[in-house]
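Below is one structure, written out as structure tokens; comments come after it.
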Amino acid sequence: MEIDNSKQRIYRVVSMIPSGCVATYGQVAELAGLSRAARLVGTTLSRLPGDSQLPWHRVINSQGRISLPPDSPAYTQQKDRLEQEGVEFAGERLSLRRYRWKP
DNA sequence: TTCGTGACGTGCA
DNA sequence: GTGCACGCCACGA
951 MEIDNSKQRI YRVVSMIPSG CVATYGQVAE LAGLSRAARL VGTTLSRLPG
1001 DSQLPWHRVI NSQGRISLPP DSPAYTQQKD RLEQEGVEFA GERLSLRRYR
1051 WKP
């Protein structure tokens, strides 16, 4: 049987987020079976290696914002990638109403 | 095994 | 609309 760690589940869920859409940490956690461990998603993603190829940039918080510090390179990268996929930002925020991934 | 930490979520002022 | 505080769960030392 699969002894899939929560980590592996998170990776799986994140990897299936379609381009042009975003998912919240809580949403990913829920889909991964960790409904109340949204922090784990963030913590886990923060430990991702650079060559993971995981679309972690499509994961944001429930406020439609990027949880990283605005002066962080990861923040810029995430925002830039999302815009490349057609996601429009209203300042530092995006419309979850429009871009939220609905599985 | 226990303690502390964290890219969060929700509620309230 | 913004900011603060508490609660949640899993992982690392």
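Counted from 1, the first sequence has number 969 at position 19 by this note's numbering; the numbering is strictly sequential.
By construction, the Cβ of each residue, glycine as well, lies at the ideal position given by its N, Cα and C atoms.
All values reported here derive from a predicted model rather than from experimental measurement.
Pairwise C-alpha distance: residue j and residue i
i	j	result
G976	S1017	13 Å
E1042	R1015	6 Å
R989	T974	11 Å
P1020	N955	31 Å
Q1034	Y1025	14 Å
P1005	Q1027	11 Å
R986	E980	7 Å
P1023	L1046	23 Å
V972	L1044	10 Å
V978	H1007	13 Å
M951	L998	Caution is warranted here: a pLDDT of 48 is assigned to M951, below 50, making its placement in the model unreliable, and the coordinate value is therefore given only provisionally. Taking the straight line from one Cα to the other gives about 25 Å.
R1031	S996	17 Å
V963	V1037	20 Å
Coil, strand or helix - residue i by DSSP
i	result
L984	coil
I960	helix
P1005	coil
Integer-rounded CB distance, given that residue j should sit under 8 Å from residue i
i	j	result
I960	V991	6 Å
K1029	T994	That belief does not hold up - the Cβ atoms of K1029 and T994 are roughly 21 Å apart, past 8 Å.
Residues sharing a beta bridge with residue i, DSSP
i	result
R1050	V972
R1043	R1015, A1040
Would you say the segment 964-973 touches the segment 1041-1053, given that touching needs at least three Cβ pairs under 8 Å? Yes: at least three Cβ pairs fall under 8 Å.
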